[in-house]
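Q: If you scroll down you'll find the structure; I have some questions about it.
2 protein chains.
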Amino acid sequence: MLSKSQIKLITGLKQKKQRQQHGFFVVEGVKTIKELLQSHLELYALYTTETFNIDAKNEVLISEADLKRISFLTTPNTALAIFKIPAQKPIETKGLIVALDAVRDPGNLGTIIRLCDWFGVKNLVCSKETVDCFNPKVVQATMGSLTRVNINYVDLVAFLKTISLPVFGAFMEGENVYKSKLPEQGILVMGNEANGVSKEVEAIITEKISIPRFGDIQATESLNVATATAILLSEFRR
Amino acid sequence: MLSKSQIKLITGLKQKKQRQQHGFFVVEGVKTIKELLQSHLELYALYTTETFNIDAKNEVLISEADLKRISFLTTPNTALAIFKIPAQKPIETKGLIVALDAVRDPGNLGTIIRLCDWFGVKNLVCSKETVDCFNPKVVQATMGSLTRVNINYVDLVAFLKTISLPVFGAFMEGENVYKSKLPEQGILVMGNEANGVSKEVEAIITEKISIPRFGDIQATESLNVATATAILLSEFRR
Numbered sequence: 001m002l003s004k005s006q007i008k009l010i011t012g013l014k015q016k017k018q019r020q021q022h023g024f025f026v027v028e029g030v031k032t033i034k035e036l037l038q039s040h041l042e043l044y045a046l047y048t049t050e051t052f053n054i055d056a057k058n059e060v061l062i063s064e065a066d067l068k069r070i071s072f073l074t075t076p077n078t079a080l081a082i083f084k085i086p087a088q089k090p091i092e093t094k095g096l097i098v099a100l101d102a103v104r105d106p107g108n109l110g111t112i113i114r115l116c117d118w119f120g121v122k123n124l125v126c127s128k129e130t131v132d133c134f135n136p137k138v139v140q141a142t143m144g145s146l147t148r149v150n151i152n153y154v155d156l157v158a159f160l161k162t163i164s165l166p167v168f169g170a171f172m173e174g175e176n177v178y179k180s181k182l183p184e185q186g187i188l189v190m191g192n193e194a195n196g197v198s199k200e201v202e203a204i205i206t207e208k209i210s211i212p213r214f215g216d217i218q219a220t221e222s223l224n225v226a227t228a229t230a231i232l233l234s235e236f237r238r
Numbered sequence: 001m002l003s004k005s006q007i008k009l010i011t012g013l014k015q016k017k018q019r020q021q022h023g024f025f026v027v028e029g030v031k032t033i034k035e036l037l038q039s040h041l042e043l044y045a046l047y048t049t050e051t052f053n054i055d056a057k058n059e060v061l062i063s064e065a066d067l068k069r070i071s072f073l074t075t076p077n078t079a080l081a082i083f084k085i086p087a088q089k090p091i092e093t094k095g096l097i098v099a100l101d102a103v104r105d106p107g108n109l110g111t112i113i114r115l116c117d118w119f120g121v122k123n124l125v126c127s128k129e130t131v132d133c134f135n136p137k138v139v140q141a142t143m144g145s146l147t148r149v150n151i152n153y154v155d156l157v158a159f160l161k162t163i164s165l166p167v168f169g170a171f172m173e174g175e176n177v178y179k180s181k182l183p184e185q186g187i188l189v190m191g192n193e194a195n196g197v198s199k200e201v202e203a204i205i206t207e208k209i210s211i212p213r214f215g216d217i218q219a220t221e222s223l224n225v226a227t228a229t230a231i232l233l234s235e236f237r238r
């Protein structure tokens, strides 16, 4: 049986402020938890309705009713784990780096982290306005990739000014990406869902690229930031 | 002021059964509604807190409280429209066609419809197990692309057996898509989020392709179906 104060601590971790205060974040689902247990992350507590049969002193068997009380999901899985937020590792300014300028949607960030993992992008740099990568919806969407990508939150304009790699950004009027020469080292900047890349960041971008539209040219909609990232990373790596 | 029966009709359209019974679906958000008003779709009713200044006899000015009652969104926009579900147009079996084998997530289907629109794929063929394209979450995610892609729900195995185009499918063990010769005409089959392409459909696929992984080879996760579709359509079109 969970105490009231335990429940309060866990459910509070939905909020960024409380995650930062306590230094913990929540992971749900047996598959993702098992993947994270094999990573460098440190487990704080594991609440589960069925034992994991692992040597974890901090495993607590709980009832389905208790799991429902602490879960962030409408349909809870059978386990919820609390891990310690790891210390930020410095950004390695080599290879291909993805930078996000105020990406707000947790699902989009989660998908982009998975894409970085898939395409071997080791460093993801986020502006301070980008959604927190330990947000439960982001963690859920990353499916374990979170541990394999080094994520830093920085002053993006200041960071981009310090480095000497070419800086790519997606713009409607950019050069056709299928005809662009893409280097092995560089930074790919992706912008906010509604407003794209901010003026301050745009001023630092050295190479504007675009994904050509093949459909009805009258239509005004752009691609979603996560699908555009998928296509651009594929172009950098192919 | 909306009557109880009006509210019941509108909120009922969240369910596929009632959409099919009444032949209506719901669209929210001024931008998407305006885009759909310019399409071939027929408006049944427009409920809005601010007039659209259009010649629509079926425009009804309502209060914010009433909009909240009928909206499917946690944070309602300023308008909700009901359109008639158009009659299915026959599938044109030429050019590039995308086929979905039991894609269940509304966000994924919405993203794939947008991708078809972007890459000029005019025909999207869905198995009967695929989520309904008039589901409000799908409509929300398509951002107007819904009117520019011809979507049919069919017995997918039977359909694939009748046509003579090459049938491509994404499989982990498939040929590297970056090295494959991709034709201008063909069918690209994408599978279910958890189980991939079903055995019955797999038996009909003539070309298995894969997106190579560049990251840590130990990791087992695959790409999300919508991002994989983005990369594969980009490869077909580039």
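Chains as they are written, first to last, in full-length UniProt numbering: chain A, 1 to 238; chain B, 1 to 238.
Where is the CB? At the ideal position from N, CA and C, for every residue including glycine.
Note that the structure is predicted; figures quoted are calculated from it, not measured.
Kindly indicate which residue of B:Asn-195, B:Gln-38, B:Leu-223 and B:Lys-84 has the alpha-carbon position closest to the one of Arg-114 of chain A.
A: Closest by alpha carbon: B:Leu-223.
Q: Mind listing the chain B neighbours of Met-143 of chain A? Cutoff is C-beta to C-beta under 7 Å, in chain order.
A: Going along chain B in sequence order, the residues near Met-143 of chain A (Cβ under 7 Å) are Glu-221.
Q: Jot down the residue ranges of each uninterrupted alpha helix (DSSP H) in the region 48 to 72 of chain A, minimum 4 residues, whole runs only, in chain order.
A: Taking only runs of at least 4 residues, the alpha helix (DSSP H) segments lying wholly in the region 48 to 72 of chain A are 64 to 70.
Q: With a threshold of 8 Å, are at least 3 pairs of Cβ atoms found where one atom belongs to the region 69 to 85 of chain B and the other to the region 27 to 44 of chain B?
A: The region 69 to 85 of chain B vs the region 27 to 44 of chain B: in contact.
Q: Using a Cβ-Cβ cut-off of 8 Å, state whether Asn-224 of chain B counts as contacting chain A.
A: With 8 Å as the cut-off, Asn-224 of chain B counts as an interface residue toward chain A.
Q: Quick check on the burial criterion: 16 or more other C-beta atoms within 10 angstroms. Buried or exposed for Thr-32 of chain A?
A: Buried, because 16 or more other Cβ atoms sit within 10 Å of the Cβ of Thr-32 of chain A.
Q: Where does Cys-126 of chain A sit, in a helix, a strand or coil, going by DSSP?
A: Cys-126 of chain A: strand per DSSP, three-state reduction.
Q: Give the single residue among A:Lys-17, A:Ser-71 and A:Val-201 whose Cα lies nearest to the Cα of Thr-162 of chain A.
A: Cα-wise, what sits closest to Thr-162 of chain A is A:Val-201.
Q: If Leu-188 of chain A and Phe-214 of chain A are in contact, beta carbons under 8 Å, what's the gap, nearest whole angstrom?
A: Rounded, the Cβ-Cβ distance is 22 Å, inconsistent with contact.
Q: Whose C-beta lies closer than 7 Å to the C-beta of Leu-43 of chain A among residues of the same chain, with five residues either side of it excluded?
A: So the qualifying residues of the chain are Leu-37, Ala-56, Asn-58, Ala-81 and Phe-83.
Q: Say whether the region 86 to 103 of chain B touches the region 171 to 191 of chain B, bearing in mind that this needs 3 or more beta-carbon pairs closer than 8 Å, one atom from each stretch.
A: Verdict: yes, contact present.
Q: Output needed in chain order: residues of the UniProt domain "MRM3-like substrate binding" (5 to 81) of chain A with a Cβ under 7 Å from some Cβ in chain B.
A: Listed by position, the residues of the UniProt domain "MRM3-like substrate binding" (5 to 81) of chain A near chain B (Cβ gap below 7 Å) amount to none.
Q: Using only alpha-carbon positions, find the residue among B:Lys-8, B:Pro-86 and B:Leu-2 that is nearest to Ala-65 of chain B.
A: That would be B:Leu-2, whose Cα lies nearest to the Cα of Ala-65 of chain B.
Q: Spell out whether any CB of chain A is found under 8 Å from the CB atom of Phe-214 of chain B.
A: Cβ-Cβ to chain A under 8 Å: yes for Phe-214 of chain B.
Q: For Asp-105 of chain B, would you say it is in contact with chain A, using Cβ-to-Cβ distances shorter than 8 Å as the test?
A: No, its Cβ sits nowhere closer than 8 Å to a Cβ of chain A.
Q: I want to see whether chain B comes within less than 8 Å of Ile-113 of chain A, judged by CB atoms only; does it?
A: Not an interface residue.
Q: Which partner residues of Phe-168 of chain B appear in the DSSP bridge assignment?
A: Paired residues: B:Leu-188 and B:Glu-207.
Q: Could you tell me the alpha carbon to alpha carbon distance between Val-197 of chain B and Lys-94 of chain A, rounded to whole angstroms?
A: Rounded to whole angstroms, Val-197 of chain B to Lys-94 of chain A spans 38 Å at the Cα level.
Q: Mind listing the chain B neighbours of Gly-120 of chain A? Cutoff is C-beta to C-beta under 7 Å, in chain order.
A: The answer, in chain order, is Phe-214 and Gly-215.
Q: Buried or exposed for Gln-20 of chain A, going by 16 or more other Cβ atoms inside 10 Å?
A: Counting Cβ neighbours within 10 Å, Gln-20 of chain A comes out exposed, since fewer than 16 surround it.
Q: Tell me the DSSP secondary structure of Val-131 of chain A in three-state form.
A: Val-131 of chain A falls in the coil class under three-state DSSP.
Q: Within the same chain, show all residues whose beta-carbon is closer than 7 Å to that of Phe-134 of chain B, passing over the 5 residues directly before and after it, in chain order.
A: Correct list, in chain order: Arg-19, Phe-25 and Ile-85.
Q: Our contact map puts Ser-180 of chain A next to Ile-209 of chain A with C-beta atoms below 8 Å; I'd like the distance itself, whole angstroms only.
A: Yes, Ser-180 of chain A and Ile-209 of chain A are in contact; Cβ-Cβ is about 5 Å, under 8 Å.
Q: Ends of the beta strand (DSSP E) at Lys-181 of chain A?
A: Where Lys-181 of chain A is concerned, there is no enclosing beta strand (DSSP E), given that its DSSP letter is neither H nor E.
Q: Is the beta carbon of Leu-232 of chain A less than 8 Å from the beta carbon of Val-177 of chain A?
A: Going by C-beta atoms, Leu-232 of chain A is nearer than 8 Å to Val-177 of chain A.
Q: What are the start and end residues of the alpha helix (DSSP H) that includes Leu-156 of chain B?
A: That run of the alpha helix (DSSP H) goes 156 to 162.
Q: Tell me the rounded alpha-carbon separation between Gln-15 of chain B and Val-149 of chain B.
A: Going from the Cα of Gln-15 of chain B to the Cα of Val-149 of chain B covers about 22 Å.
Q: Measure the alpha-carbon distance for Lys-128 of chain B versus Val-121 of chain B and round it to whole angstroms.
A: Those two C-alpha atoms are separated by around 20 Å.
Q: How many Å lie between Asn-152 of chain A and Pro-90 of chain A at the Cα?
A: For Asn-152 of chain A and Pro-90 of chain A, the distance between alpha carbons rounds to 8 Å.
Q: Straight-line CA distance for Ile-205 of chain A to Ala-230 of chain A?
A: Looking at the two C-alpha atoms, the distance is approximately 20 Å.
Q: Just the C-alpha distance for Thr-48 of chain B and Lys-34 of chain B, rounded to the nearest angstrom, thanks.
A: Straight-line Cα distance between these residues: approximately 12 Å.
Q: Please list, in chain order, the residues of the region 172 to 191 of chain A that have any C-beta partner in chain B closer than 7 Å.
A: Flagged, chain order: Tyr-178.
Q: Which one of B:His-22, B:Leu-182 and B:Ala-45 has the shortest CA to CA distance from Glu-207 of chain B?
A: When each option's Cα is compared against that of Glu-207 of chain B, the closest is B:Leu-182.
Q: Select from A:Ala-87, A:Lys-137 and A:Ile-112 the residue whose C-alpha is nearest the C-alpha of Ser-71 of chain A.
A: Taking only the C-alpha atoms, the option nearest Ser-71 of chain A is A:Lys-137.
Q: Using a beta-carbon distance below 8 Å, is Ser-234 of chain B in contact with chain A?
A: Cβ-Cβ to chain A under 8 Å: yes for Ser-234 of chain B.
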